[in-house]
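Here the sequence shown is numbered in our numbering, starting from 3 and rising by one per residue. No residue lacks a Cβ here, since even glycine has one placed at the ideal position from N, Cα and C. Working notes, structure below.
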Amino acid sequence: MNACSTCSPRTQSYIGLGLMALMAATRFHHFGDALHMPDASWAVFFLAGLYLAPAWLLAFLLQAVAIDYVAIEMMGTSAFCVTPAYAALLPAYAVLWVGGRWLARNAGTDLSGLGRLAGAVVASTLVAFAISNGAFYWMGGRVAETSMAQYVQTWIDYAPAFLGSTLMYLAAAVVVHSLVLTLARRPIAARAR
């Protein structure tokens, strides 16, 4: 999976707006349910790092906060997760974005490129989870009596869902990316038929 480092600003705008739409459509439900897709925010930040210029990062951070504000203030979503630890989402999202940037510089089209993709996604997702979950657990003020054993249990309970949904969206992105490359490589006459 190669990044879009040479993409035109117009192409980057399409990608950026598509990723923003994905986050807007899914951010309201962390893990999804029968009627809702799981939150794509973590995959969106990774993909933004992979495909988009650095200036886009601020737009995605602002969008995430705006969606949370609208969900809580206007749609009645619980504010349980909004604690002083909410600020830790900034470095957590930055880790995902940096994982995408790293992959953009180190991606390849062979099997080892897929290995680097998987490694970058898993590593950045788990580090982002450690930051956000650790901040919420230890500094969020929602857990009366903290313990390392209970914290480890939060990893067992929640890390697989965060990793799974991120991997699901990234797998879909690999498919879309491959389809776009395949179509772009076809001769114009073959596409017109």
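Please confirm if the segment 68-79 is in contact with the segment 94-101, defined as three or more CB-CB distances below 8 Å between the two stretches. no
DSSP-derived helix/strand/coil call for residue 159: Taking the first residue of the sequence shown as 1, we reach residue 159 at position 157. Residue 159: helix per DSSP, three-state reduction.
Between the segment 150-162 and the segment 111-118, are three or more C-beta pairs nearer than 8 Å? no
Range covered by the alpha helix (DSSP H) that runs through residue 98: By 1-based counting over the sequence shown, the position of residue 98 is 96. 91-108 is the span of the alpha helix (DSSP H), which, as asked, contains residue 98.
Taking the straight line between their C-alpha atoms, what separation do you get for residue 112 and residue 163? Working through the sequence shown from its first residue, we reach residue 112 at position 110. Working through the sequence shown from its first residue, we reach residue 163 at position 161. When rounded, the distance between both Cα atoms is 28 Å.
If we count the other Cβ atoms within 10 Å of its Cβ and call it buried at 16 or more, is residue 184 buried or exposed? Looking up residue 184 in the sequence shown gives position 182. Looking at its Cβ environment, which holds fewer than 16 other Cβ atoms inside 10 Å, residue 184 is exposed.
According to DSSP, is residue 78 part of a helix, a strand, or is it coil? If you number the sequence shown from 1, residue 78 lands on position 76. Here residue 78 sits in coil by DSSP.
Coil, strand or helix - residue 12 by DSSP: In the sequence shown, counting from the first residue as 1, residue 12 sits at position 10. It is helical.
Am I right that residue 40 and residue 167 are in contact with their C-beta atoms under 8 Å? What's the rounded C-beta distance? Within the sequence shown, numbered from 1, the residue matching residue 40 stands at position 38. Within the sequence shown, numbered from 1, the residue matching residue 167 stands at position 165. Right, the Cβ-Cβ distance comes to about 4 Å (below 8 Å), so this counts as a contact.
Rounded to the nearest angstrom, what separates residue 136 and residue 165 at their Cα positions? On the sequence shown, position 134 is the one that residue 136 refers to. On the sequence shown, position 163 is the one that residue 165 refers to. Spanning the two alpha carbons is a distance of roughly 16 Å.
Using DSSP with H/G/I as helix, E/B as strand and the rest coil, what is residue 34? Taking the sequence shown and counting its residues from 1, one reaches residue 34 at position 32. Bear in mind that a pLDDT of 47 at residue 34, under 50, signals an unreliable position, so the model cannot answer this.
Cβ neighbour criterion (16 or more within 10 Å) applied to residue 52: Translated into the one-based positions of the sequence shown, residue 52 becomes position 50. With 16 or more Cβ atoms within 10 Å of its Cβ, residue 52 is classed as buried.
Limits of the unbroken alpha helix (DSSP H) element including residue 119: Against the sequence shown, residue 119 aligns to sequence position 117. 113-141 is the extent of the alpha helix (DSSP H) around residue 119.
Enumerate in chain order the residues of its own chain whose CB-to-CB distance from residue 66 is below 8 Å, with the five nearest sequence positions on each side excluded. Start at 1 with the first residue of the sequence shown, and residue 66 comes out as number 64. Only 25, 29, 43, 91 and 95 meet the Cβ criterion.
Would you mind working out which of 124, 105 and 145 sits nearest residue 50, comparing C-alpha positions? The residue labelled residue 50 in the question sits at position 48 within the sequence shown. Cα-wise, what sits closest to residue 50 is 105.
Quick one: what's got a C-beta closer than 7 Å to residue 55's C-beta in the same chain, skipping five residues either side? Within the sequence shown, residue 55 is the residue found at index 53, counting from 1. Closer than 7 Å at Cβ, skipping near neighbours: 14.
On the three-state DSSP scale, how would you describe residue 21? On the sequence shown, position 19 is the one that residue 21 refers to. Three-state result, residue 21: helix.
Can you give me the C-alpha to C-alpha distance between residue 178 and residue 101, rounded to a whole angstrom? One-based indexing of the sequence shown puts residue 178 at position 176. One-based indexing of the sequence shown puts residue 101 at position 99. Each residue's Cα considered, the two are about 20 Å apart.
Under the rule that 16 or more other beta-carbon atoms within 10 Å means buried, what is residue 82, buried or exposed? Residue mapping note: residue 82 aligns to position 80 of the sequence shown, counting from 1. Per the 10 Å Cβ criterion, exposed.
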